[in-house]
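K.L.:
Structure below; questions to follow.
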Amino acid sequence: MVTPGFAERLVEWQQVHGRHGLPWQGTSDAYRIWVSEIMLQQTQVTAVVPYYQRFMRSFPDVGSLASASEDHVLQHWSGLGYYARARNLRRAARLLMSEHGGVFPRTAAVIETLPGIGRSTAAAIAAFAFGESGAILDGNVKRVLARYFGVRGWPGDPRVQAVLWAHAESLMPGRDVGIYTQAQMDLGSLVCVRGRPRCGECPVRPDCVAHREQLTASIPGRPPKKVLPHRRAALLVCVHAGTVLLEKRPPTGVWGGLWSLPETDGNDAEAIKCIANRYGVSVADCEPLTSFEHGFTHFTLALEPWLVRVAAAAPATHEPGRMWLALDDAVGAALPAPIKRLLRSLARETGRLFSRA
DNA sequence: AATGCGGGGAC
DNA sequence: GTCCCAGCATT
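Heads up: the first sequence begins at 144 in the numbering used here, then just goes up one per residue.
Following this line, the structure appears as structure tokens:
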């Protein structure tokens, strides 16, 4: 009697206890699987589901995504974060049409050459869509393997990550690779969770180093904590006839390619008026709104919105990269989440905003 | 090797 | 409040 291996136990567990009803499961359509994998990068399943449904309705296949405008694609990503994913997704779709005849490549090695797809995502797509055997290493697998093998240290550390990749490869089964790939993710997200793992439900507990040595609380190790720098920026909320002036952000950097409010480092009414004039806006009056903070991964941004009432919109404001958007349409535009929230709250107060104009 | 890149869910 | 999530690209 041979003791079942790690992969066999996970596959068996997956059939009974794994997740099966997610919108991107039950298909071998590489396109549908690809989109889900990109959305799920650094993003939890519950957050992805509604975005995924809407995205697939608008872009049901590679061709429709390739022919869509970047702005249209970003609209569907608004609020999901990491917007380079959306730009890369569209870019890859166009590459698929122009370089691959519209056919999704069938090997992880080729899939990985597409923008936005790294080693782990390529292996996952190849496993789910084509049954190709290959290790993955996402947040779930890192946690599971670090505990199972007793690997200390922070999994974000490249040296730790290299060890985990080697372990992941060593455990690859020769069959059921799609189920096994899903099993690793599901075990990590349902059982081998960060806090209070449910070791009583774990199929590989007997061989788990962290469980045996009571290290599940300290493995995986924590990243070095650092103090986030604070930055501030003023936002120009130029309102005119129920519309607001938006500016397209540069293609790279924070909120890359999205539409947002004109931003400046000015911090008094005179500076704001001066900047507004530079946008071709004839300022009637100007008042500060309630400031708020927005946290990014690597800094905290204090945003100070200024309400700029516009006497008349100048013709120069129809340049590319600028537009006047009806406040009520903000919800459907390619805007960052905090900007969208701000505009929604302004839309509710439109009466008050214009009452003194 | 280090850094940039979002937003929200879970606790 | 903190931590972290189906990571990748760039430098």
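By construction, the Cβ of each residue, glycine as well, lies at the ideal position given by its N, Cα and C atoms.
Would you mind reading off the limits of the alpha helix (DSSP H) that contains Val-284?
P.N.:
282 to 292
K.L.:
Under three-state DSSP, which class holds Thr-189?
P.N.:
helix
K.L.:
For His-354, count neighbouring C-beta atoms within 10 Å of its own C-beta (all shown protein chains included) and say buried if the count is 16 or more, exposed if not.
P.N.:
buried
K.L.:
Helix, strand or coil for Arg-452? Go by DSSP, reduced to three states.
P.N.:
When secondary structure is reduced to three states using DSSP, Arg-452 falls in the strand class.
K.L.:
If I measure Cβ to Cβ from Trp-191 and keep anything under 6 Å in the same chain, skipping five residues before and after, which residues do I get?
P.N.:
For clarity, residue 191 is Val in the given sequence; the question names Trp instead. Around Val-191: Met-182, Leu-183.
K.L.:
Leaving out the 5 sequence neighbours to the left and right, which residues in its chain are closer than 6 Å to Asp-214 when beta-carbon positions are compared?
P.N.:
Ala-477
K.L.:
Can you grab the Cα-Cα spacing for the pair Ala-500 / Tyr-225, in whole Å?
P.N.:
In this prediction, Ala-500 has a pLDDT of 41, which is less than 50 and means its spatial position is unreliable; nothing more can be read from the coordinates.
K.L.:
Return yes when the C-beta of Gly-317 is under 7 Å from any heavy atom of the ligand NAD, and no when it is not.
P.N.:
In terms of ligand content, the structure shown is empty, and the ligand NAD therefore cannot be addressed.
K.L.:
Between which two residues does the beta strand (DSSP E) holding Leu-379 run?
P.N.:
373 to 383
K.L.:
Here's the rule: buried if 16 or more other CB atoms are within 10 angstroms of the residue's CB, otherwise exposed. What is Val-145?
P.N.:
Because the pLDDT of Val-145 is 46, which lies under 50, any placement of that residue in the model is unreliable, and the number read from its coordinates should be weighed accordingly. When all chains shown are included, Val-145 counts as exposed.
K.L.:
Does Pro-394 pass the burial test, meaning 16 or more other C-beta atoms within 10 Å, or should it be called exposed?
P.N.:
exposed
K.L.:
Return helix, strand or coil for Ser-425, following the three-state DSSP convention.
P.N.:
Three-state DSSP puts Ser-425 in a strand.
K.L.:
Nearest to Gly-445 by CA position, among Arg-421, Asp-408, Asp-472, is which residue?
P.N.:
Correcting the residue type first, residue 445 is Ala in the shown sequence and not Gly. With distances taken between Cα atoms, Ala-445 lies closest to Asp-408.
K.L.:
Measure the C-alpha to C-alpha separation of Ser-498 and Arg-452 and round it to an integer number of angstroms.
P.N.:
Summary for Ser-498: the model assigns pLDDT 47, below 50, so the residue's position carries little reliability, and this model does not support an answer.
K.L.:
Can you tell me whether Thr-407 is helix, strand or coil according to DSSP?
P.N.:
strand
K.L.:
Would you identify the three-state DSSP class for Trp-156, choosing helix, strand or coil?
P.N.:
Note: Trp-156 maps to helix in three-state DSSP.
K.L.:
Under the rule that 16 or more other beta-carbon atoms within 10 Å means buried, what is Gly-261, buried or exposed?
P.N.:
exposed
K.L.:
How big is the Cα-Cα spacing for Lys-391 and Gly-274?
P.N.:
42 Å
K.L.:
Are three or more beta carbon pairs between the region 413 to 433 and the region 342 to 351 nearer than 8 Å?
P.N.:
no
K.L.:
Output the distance between the C-alpha atoms of Pro-481 and His-437, rounded to the nearest integer angstrom.
P.N.:
Distance between the alpha carbons of Pro-481 and His-437: 7 Å.
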